[in-house]
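Numbering (my numbering), first residue to last: 906 to 1159. Just so it is clear, CB atoms sit at the ideal spot from N, CA and C, and this is done for glycine as well.
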């Protein structure tokens, strides 16, 4: 009889404060979008974050802190949760066993749609080794998963890459709505929304989510973008009810 597999789920994004802050800015921007313009097709993907490999209690504390809520899910419950998400991030703790890593990710691939351009694999290594890094990337790409990154087991690097992956989802949504706003700029009053979306995109770039410079965007001479960014800070400081962002994070128990 096959041993039943359970998963760990973390319910909140308190361990990702930068993403939570940026998501609150996007929610604020969405509330102010012109109601007479249809933004069909523009939606923020919900990311399902899966923790794989050998996960110890110490690893969990290092990543998510002592207060993160968790529960155990079996495969059926995991499938139910996955139906509510359109993007997937696997954070896999590698232990020098290429065969086990391949089997674990293949198992997830059988129950989750990981080959539709909405998947990302982040492999965490104990020590840096360029040969192992190359082999890891090649092994996972043979499964049909194209977006693969490898980082050292250091909390700052792991959380930075998780945060950046989630912020890329926010950016994709913002770029989509910006294009629609530009399409309607000759017939609708969209100047304020365009300033807001450019400000948030600039804020994401400043957070080093995207190292490349802004392309095709000229900063207004009167410093409006920086003024909006400062208002963001004031808004967050004065607000006592910042939108709570829920990120579903799962991981298998040994």
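Restricted to the segment 918-1006, the alpha helix (DSSP H) segments that are unbroken, complete and at least 4 residues in length are 922-936, 962-969 and 980-987, listed in chain order. Contact between the segment 941-948 and the segment 1069-1085 is established, with three or more Cβ pairs separated by less than 8 Å. Under DSSP, residue 1030 takes part in a beta bridge, and its partners are 1057. Here residue 1098 is buried: its Cβ has 16 or more other Cβ atoms, across all protein chains shown, within 10 Å. In its chain, beyond the 5 residues on either side, 999, 1028 and 1055 have a beta carbon closer than 7 Å to the beta carbon of residue 1041. Residue 1048 is positioned such that its CB atom lies closer than 8 Å to that of residue 1010.
Around the beta carbon of residue 1083, a 10 Å sphere encloses 16 or more other beta carbons of the protein chains shown; the residue is thus reported as buried.
Beyond the five residues adjoining it in sequence on each side, residue 984 comes within less than 7 Å, by CB distance, of 1016 in the same chain, given in chain order. Cβ-Cβ separation between residue 924 and residue 978: approximately 23 Å, too far for a contact (criterion under 8 Å). In chain order, 921, 923 and 924 place their CB closer than 7 Å to the CB of residue 1068, counting only its own chain and leaving out the 5 sequence neighbours on each side.
One alpha carbon belongs to residue 1107, the other to residue 1004, and they sit about 42 Å apart.
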